[in-house]
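**Q**
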Amino acid sequence: MQIQSKGNNQYPITSVQFNQDASCFITTTRRGFSVFSTKPVKHLYSTEFATNFNIASLLFKSSITALASDNLLSLYDDQSQRFLGEHSFESKILQINLTRSTIIIVEHLKTSILNLNDMAILQTYETAPNPMGAISSTQHFAILGNIPSSVKVFFENDYSKFLSNLHKSPIQHIQLSSDGKYLATASEKGTIIRIWSVHSQRKYCELRRGHTQACINSIAFGENDIIAVTSSSKTLHVFKIQESENEIKSFFKQDIGCSQAICKFDEDQIVVVGADMKVWRIDSQMNVSFVDVE
C-alpha cells in the first residue's frame with residue numbers, strides 16, 4: 001500500500017508506505033527516507049544517501065528497509081548502517097512489499113518473489129500491464145493475472161485462486177482482506193470498487209466512490225466489514241459491506257485535502273497519511289483528528 005509521486009516543492013515526498021501492522025509509516029524524498037510511528041505520531045529516524053531511492057518499504061518495526069532506485073533493489077539495515085545486498089531487475093521497480101520471509105517486487109509486466117535472507121528469486125509471474133504496481137500482501141497475497149482484468153490470489157500450501165473478467169477497464173488497485181476471504185478491485189476509472197468472494201470467485205458487492213474519474217490510492221479492510229478508500233479526489237470514503245446486488249454508498253466521507261494519501265486500519269481506527277505529511281485518525285465513531293508531521 002503505497003503512493004508515489006515525482007516530488008516537488010509543495011510535496012517533496014516521493015513515496016509513502018505503511019509497515020505491515022500500521023504501527024509505522026516510511027517516506028522517501030530525493031535525499032533518503034524517514035520512519036514515523038503512528039501512535040503517537042512521532043518521527044523516529046531518518047537516513048540520507050547519495051543514491052536517489054524512490055521507494056522504501058519497512059519490515060514491521062525492525063531496522064530492515066527495502067529500497068528501490070529505478071530497477072535496482074537494495075536491502076538496508078539502519079541499525080548497522082550498511083547495505084545487506086542488492087538485486088537488479090529488467091525494468092523499473094514500481095512497488096515493494098515485505099513479509100517476514102520474502103520481498104515482493106512489482107514491475108510493469110511481472111511480479112517477483114525473493115527470499116528475504118539472501119535475495120534469491122523464488123518465483124516470477126508474468127502479469128498483464130501493471131503501470132501502477134498493483135499488489136496486495138497480507139497473510140496471503142494477490143497479484144495481477146497474466147490476462148487483462150484478472151487477479152491471482154495465493155494462499156499457503158501452494159493453493160491459489162484465479163479471478164477473471166473483474167472490470168471492463170484495466171485494474172489499477174487491488175487489496176486482499178487479511179483472512180483472504182475478500183478481494184477488493186478498482187479499475188483506472190476509480191468510480192467503483194468491487195468486492196469479490198475469493199473462494200466462490202463471485203462478486204460480493206459493489207461500492208460507489210463517485211461519478212467522476214479518480215485514481216484509487218488505497219483500499220483498507222477493517223473489522224466488522226468496514227472498508228476505507230482514499231483517492232486522488234482528496235477524500236476518504238468509508239463503507240459497510242454486505243452481499244448485495246445494489247451499489248453501496250459510503251456512510252462516511254472526509255475531505256483530507258491531499259490527492260496522494262493512503263489509509264490503513266490500526267485496530268478499529270483508520271489512519272490516513274498524505275504526501276503533504278498530515279496524519280489523520282478516524283475512530284470507530286467517525287470522530288476525526290489530524291496532526292502535521294514535523
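Sequential numbering from 1 applies to the sequence shown in my numbering.
Cβ coordinates follow ideal geometry from the N, Cα and C atoms, glycine included.
1) Return helix, strand or coil for Ser-156, following the three-state DSSP convention.
2) Name the one or two DSSP bridge partners that Tyr-204 has.
3) Let me make sure I understand the geometry here. Which of Arg-202, Arg-100, Glu-90 and Lys-253 has the alpha-carbon closest to that of Lys-110?
4) To the nearest angstrom, report how far apart Gln-10 and Asp-70 are at their CA atoms.
5) So which of Gln-285, Ile-270 and Lys-161 has the shortest CA-CA distance to Val-279?
6) Would you mind sorting Thr-51 into buried or exposed? The rule is 16 or more other CB atoms within 10 Å of its CB.
7) Given a cut-off of 8 Å, decide if Ile-193 and Leu-207 are closer than it, judged by their beta-carbon atoms.
8) Between the beta-carbon of His-173 and the beta-carbon of Met-132, is there less than 8 Å?
9) Assuming contact is defined by CB atoms lying nearer than 8 Å, are Ile-55 and Thr-29 in contact in what I supplied?
10) Confirm, please, whether the CB-CB distance from Thr-47 to Gly-32 is below 8 Å.
11) Does DSSP put Glu-126 in a helix, a strand or coil?
12) Helix or strand or just coil, what does DSSP make of Asp-255?
13) Between which two residues does the beta strand (DSSP E) carrying Lys-249 extend?
14) Look at the alpha carbon of Ser-88 and the alpha carbon of Leu-72, and state the distance between them as a whole number of angstroms.
15) Would the beta-carbon of Val-35 be found less than 7 Å away from any heavy atom of the ligand SAH?
16) Give me whichever residues DSSP pairs with Thr-230 in a beta bridge.
17) Could you check where the beta strand (DSSP E) with Gln-269 kicks off and where it finishes?
18) Here's the rule: buried if 16 or more other CB atoms are within 10 angstroms of the residue's CB, otherwise exposed. What is Ile-113?
**A** Taking the definition as stated:
1) The sequence as given places Glu at residue 156; Ser does not occur at that position. Three-state result, Glu-156: helix.
2) Bridge partners of Tyr-204: none, in fact.
3) Glu-90
4) Its pLDDT being 49, under 50, Gln-10 is placed unreliably by the model, and nothing is read from it.
5) The shortest C-alpha separation from Val-279 is found at Ile-270.
6) exposed
7) yes
8) yes
9) no
10) yes
11) strand
12) The answer is strand: DSSP assigns Asp-255 an E or B state.
13) 247-249
14) 5 Å
15) The ligand SAH is not part of this structure, which contains no ligands at all.
16) For Thr-230, which the question treats as bridged, DSSP gives the partners Ser-218 and Leu-236.
17) 269-274
18) buried
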